[in-house]
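Numbering follows numbering that gives the first Met the number 0, in which position 202 of the sequence shown is assigned residue number 201; successive positions increment by one, without gaps.
Glycine residues also receive a C-beta, built at the ideal position from the N, C-alpha and C atoms.
Note sheet for the following structure.
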Amino acid sequence: MNLKYTWYKILSILIFTFSFTLLINTNDVKASSSNNNEKNQSLMIMLDSESELGNIAREIRMKFKNIKVKEIDAINVLVAENFSGDEIEEFKTYLKQDLGVSEDEIATDLSLDVPIVEKISHGTSLLLDNYEINSPNIYDELLWDIKLVTNNYASYQLSKGSPEIKVGIIDSGIDFNHPALKDNIISQGHSFVPGEMSTQDYLGHGTMVAGVIAADGKMKGIAPEIGLVPYKVFDAKGANSSWVIEAIIQATNDDMDVVNLSLSTFKSLKNKDDRAIIKAYEKAFRYAKKHNTTLVVSAGNEGLDITNPKLLAEQLEKPEDLIIHLPGGSNHLITVAATNKKNLLSTYSNYGKNVSILAPGGSYEFDTETYTLDLTSMTLTTFPTNLPQTFISQYLGLDHGYEMTVGTSVAAPKVTAIVALLKSEYLKTNNKEMKNEQVEKVLYQTSMKLDGYDKHISQSGIINAYNALSKMKKYK
Numbered sequence: 000m001n002l003k004y005t006w007y008k009i010l011s012i013l014i015f016t017f018s019f020t021l022l023i024n025t026n027d028v029k030a031s032s033s034n035n036n037e038k039n040q041s042l043m044i045m046l047d048s049e050s051e052l053g054n055i056a057r058e059i060r061m062k063f064k065n066i067k068v069k070e071i072d073a074i075n076v077l078v079a080e081n082f083s084g085d086e087i088e089e090f091k092t093y094l095k096q097d098l099g100v101s102e103d104e105i106a107t108d109l110s111l112d113v114p115i116v117e118k119i120s121h122g123t124s125l126l127l128d129n130y131e132i133n134s135p136n137i138y139d140e141l142l143w144d145i146k147l148v149t150n151n152y153a154s155y156q157l158s159k160g161s162p163e164i165k166v167g168i169i170d171s172g173i174d175f176n177h178p179a180l181k182d183n184i185i186s187q188g189h190s191f192v193p194g195e196m197s198t199q200d201y202l203g204h205g206t207m208v209a210g211v212i213a214a215d216g217k218m219k220g221i222a223p224e225i226g227l228v229p230y231k232v233f234d235a236k237g238a239n240s241s242w243v244i245e246a247i248i249q250a251t252n253d254d255m256d257v258v259n260l261s262l263s264t265f266k267s268l269k270n271k272d273d274r275a276i277i278k279a280y281e282k283a284f285r286y287a288k289k290h291n292t293t294l295v296v297s298a299g300n301e302g303l304d305i306t307n308p309k310l311l312a313e314q315l316e317k318p319e320d321l322i323i324h325l326p327g328g329s330n331h332l333i334t335v336a337a338t339n340k341k342n343l344l345s346t347y348s349n350y351g352k353n354v355s356i357l358a359p360g361g362s363y364e365f366d367t368e369t370y371t372l373d374l375t376s377m378t379l380t381t382f383p384t385n386l387p388q389t390f391i392s393q394y395l396g397l398d399h400g401y402e403m404t405v406g407t408s409v410a411a412p413k414v415t416a417i418v419a420l421l422k423s424e425y426l427k428t429n430n431k432e433m434k435n436e437q438v439e440k441v442l443y444q445t446s447m448k449l450d451g452y453d454k455h456i457s458q459s460g461i462i463n464a465y466n467a468l469s470k471m472k473k474y475k
């Protein structure tokens with residue numbers, strides 16, 4: 000069989016195969032149409048106490064009958080939505096003049112778009128080295144990343160996890176009908192997208208993340224017996240930071256042991272609205288940490304050093320600004336950068352001293368002389384069965400519901416899965432929860448160091464489930 004195909008045959012499905020990482024880049028996203036903004040625009044109001052929160056919420060509901068007000072009691076934040084026309088300006092004036100809310104406590108939270116997928120030029124061919132198309136071993140042959148992290152599946156002999164340990168996935172939902180995932184989904188979860196009650200995945204990203212963690216079908220995730228719960232914050236138009244923050248609080252209240260956030264945003268420390276939203280994020284992070292819910296997040300896919308706000312602003316061509324990356328980079332969670340098949344930092348991956356650890360995320364490896372793309376440098380995961388199968392998946396002879404992708408979005412869930420495994424083993428042995436600090440210590444101590452390891456890239460090396468589970472003997 001000829002293994003090379005011209006790129007025009009698969010260009011139409013690149014939206015499924017380029018990064019699929021749903022990066023929320025607030026500094027680069029252009030405003031949507033006014034109608035879309037009116038529909039999705041919301042305000043976040045940061046308050047000092049729960050009593051103040053309740054009093055102001057009651058006053059708002061009496062004055063503005065049509066505005067939807069949600070109280071996030073855990074962090075004393077109000078979210079106001081469903082504005083019409085210029086009502087939002089009237090609302091802000093009322094907050095400041097009638098209710099005495101400070102300007103600094105009010106943040107406009109505009110709807111953010113799903114980013115545009117980068118296109119690869121025509122004339123590119125596919126290269127699969129010596130891999131046999133439609134091989135009965137094709138799934139195993141493509142799972143280089145899972146084999147690396149599990150020591151060629153040896154970690155399964157130590158632990159596959161338990162449904163008693165719950166993993167929350169804050170994303171686009173999960174495909175409830177996927178044969179490799181449906182038995183792992185222990186709850187319908189929650190949707191934070193206005194007007195959308197279902198947590199079924201119609202975009203694909205959440206299902207991809209879920210597969211890395213717990214698939215148990217033609218491919219196996221790192222923790223194939225762990226329990227999954229979806230928290231939907233994305234629709235086809237994007238997400239609001241307030242939805243993500245609400246989801247973190249809800250997942251914590253639902254007693255999730257670990258939560259995966261394969262999403263990211265940039266916020267300006269000089270922008271009033273951004274500063275307020277940063278404060279709300281940090282409150283949510285601290286709340287989760289206080290309740291021993293581990294947050295694992297992706298570092299993002301812009302290929303930037305996210306260590307320093309001034310340096311990051313310069314890299315984003317905003318030299319007069321000070322910019323931070325969220326959620327990744329906070330001290331209250333585990334931030335994951337991506338590596339390639341050669342165990343080197345993937346060129347697209349963000350990195351920095353505030354990145355916690357590394358995990359395989361794959362890459363696009365091109366032969367510049369022959370203009371060929373080696374698909375085996377990408378990673379395999381699950382994909383919704385309600386969405387069309389891509390040409391690449393068909394070309395490889397994969398079943399509908401399995402696709403190739405790359406990104407920090409599929410690196411982070413590998414860490415999430417190992418956290419779940421560690422907590423599962425600790426609970427089984429000690430009949431109590433493993434503390435986040437203990438989990439992180441084991442993760443970092445058992446990571447595999449890169450050649451030429453540099454803490455400017457990450458605080459520790461590439462995660463390894465077998466090493467981490469073996470280390471758990473010390474805690475028995």
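Inset, instruction - Check whether the Cβ of R274 sits closer than 6 Å to any heavy atom of the ligand FAD, and report yes or no. - result: No copy of the ligand FAD appears in this structure; indeed no ligand is present at all.
Inset, instruction - Per DSSP, which residues does G237 bridge with? Please list them. - result: D234
Inset, instruction - Could you check what DSSP says for T375 in three-state terms: helix, strand or coil? - result: helix
Legend entry - Start-end ranges of the alpha helix (DSSP H) lying completely within the region 160-227, minimum 4 residues: 204-213
Legend entry - Per DSSP, cross-strand counterpart(s) of H399: In DSSP, H399 forms no bridge with anything.
Legend entry - For K266, the nearest candidate out of N259, A275, L260, T415 (CA to CA): Comparing alpha-carbon positions, the option among N259, A275, L260, T415 lying closest to K266 turns out to be A275.
Inset, instruction - Excluding the 5 residues preceding and the 5 following E58 in the sequence, name in chain order all residues of the same chain whose CB lies nearer than 7 Å to its CB. - result: L98
Legend entry - Contact under 7 Å by Cβ, S423 with G220: no
Legend entry - Span separating the alpha-carbon of F191 from that of W242: 6 Å
Legend entry - Beta-carbon proximity list for S186, same chain, < 7 Å, skipping 5 on both sides: V228
Legend entry - DSSP three-state assignment for S267, whether helix, strand or coil: strand
Legend entry - Bridge partners - S297, DSSP secondary structure assignment: V335
Inset, instruction - Pick out whichever of N339, I462, N150, N349 has its Cα sitting closest to the Cα of F365. - result: N339
Legend entry - Three-pair Cβ contact test at 8 Å for the region 297-307 versus the region 369-388: no
Inset, instruction - Measure the alpha-carbon distance for Y7 versus S348 and round it to whole angstroms. - result: Residue placement at Y7 is flagged as unreliable, the pLDDT there being 35, under the threshold of 50; the coordinate-derived value follows with that caveat. If I take the Cα positions, the gap works out to 27 Å.
Inset, instruction - Return yes when the Cβ of Q199 is within less than 7 Å of the Cβ of F175, no when it is not. - result: Contact flag set, yes.
Inset, instruction - Just the C-alpha distance for N430 and E163, rounded to the nearest angstrom, thanks. - result: 12 Å
Inset, instruction - Could you tell me if P318 is buried or exposed, where buried requires 16 or more neighbouring beta carbons within 10 angstroms of its beta carbon? - result: exposed
Inset, instruction - Please check if any C-beta of chain B sits within less than 7 Å of the C-beta of A467. - result: Going by chain labels, chain B is absent from the structure shown, which holds only one protein chain.
Inset, instruction - Buried or exposed for P326, please, with buried defined as at least 16 other CB atoms from any protein chain shown within 10 angstroms of its CB. - result: buried
Inset, instruction - Identify every residue that forms a DSSP beta bridge with E364. - result: Residue pairing by DSSP places E364 opposite D373 in a beta bridge.
Legend entry - Among D108, I247, D254, nearest to V295 - alpha-carbon criterion: The closest CA to that of V295, considering only D108, I247, D254, is found on I247.
Legend entry - Backbone CA spacing between N435 and T292 [nearest angstrom]: Each residue's alpha carbon lies about 7 Å from the other.
Inset, instruction - In the DSSP assignment, find the unbroken alpha helix (DSSP H) run with D144 in it and report its ends. - result: 143-149
Inset, instruction - Return the chain-ordered list of same chain residues with a C-beta closer than 6 Å to the C-beta of D108, the five sequence neighbours on each side being excluded. - result: S41, M43, N239, S240, S241
Legend entry - Beta-ladder partner(s) of S101, from DSSP: Paired residues: none, contrary to the question.
Legend entry - Beta-carbon proximity list for Q314, same chain, < 6 Å, skipping 5 on both sides: Closer than 6 Å at Cβ, skipping near neighbours: L303.
Legend entry - L141 versus V78, M403, V414, residue with shortest Cα-Cα distance: M403
Legend entry - Contact set for S33: own chain, Cβ-Cβ below 7 Å, skip 5 residues either direction: Because S33 carries a pLDDT of 31, less than 50, the predicted location of this residue cannot be relied on, and the following value inherits that uncertainty. Contacts found: none.
Inset, instruction - Using DSSP bridges, identify the partner residues of N259. - result: I168, V295
Inset, instruction - Mind listing, in chain order, the continuous beta strand (DSSP E) runs of no fewer than 3 residues lying wholly within the region 64-101? - result: 67-71, 76-80
Inset, instruction - Under the assumption that T149 contacts I173 (Cβ atoms under 8 Å), give the Cβ distance between them as a whole number of angstroms. - result: Not confirmed; about 22 Å, so no contact.
Legend entry - Buried or exposed (CB count within 10 angstroms, at least 16 for buried), A464: buried
Inset, instruction - State the Cα-Cα distance for the pair L421 and I55, rounded to the nearest angstrom. - result: 43 Å
Inset, instruction - Would you identify the three-state DSSP class for V405, choosing helix, strand or coil? - result: coil
Inset, instruction - Ignore the nearest five residues each way along the sequence and tell me which others in A213's own chain have a CB closer than 6 Å to its CB. - result: N183, G220, A222, P223, I225, L227
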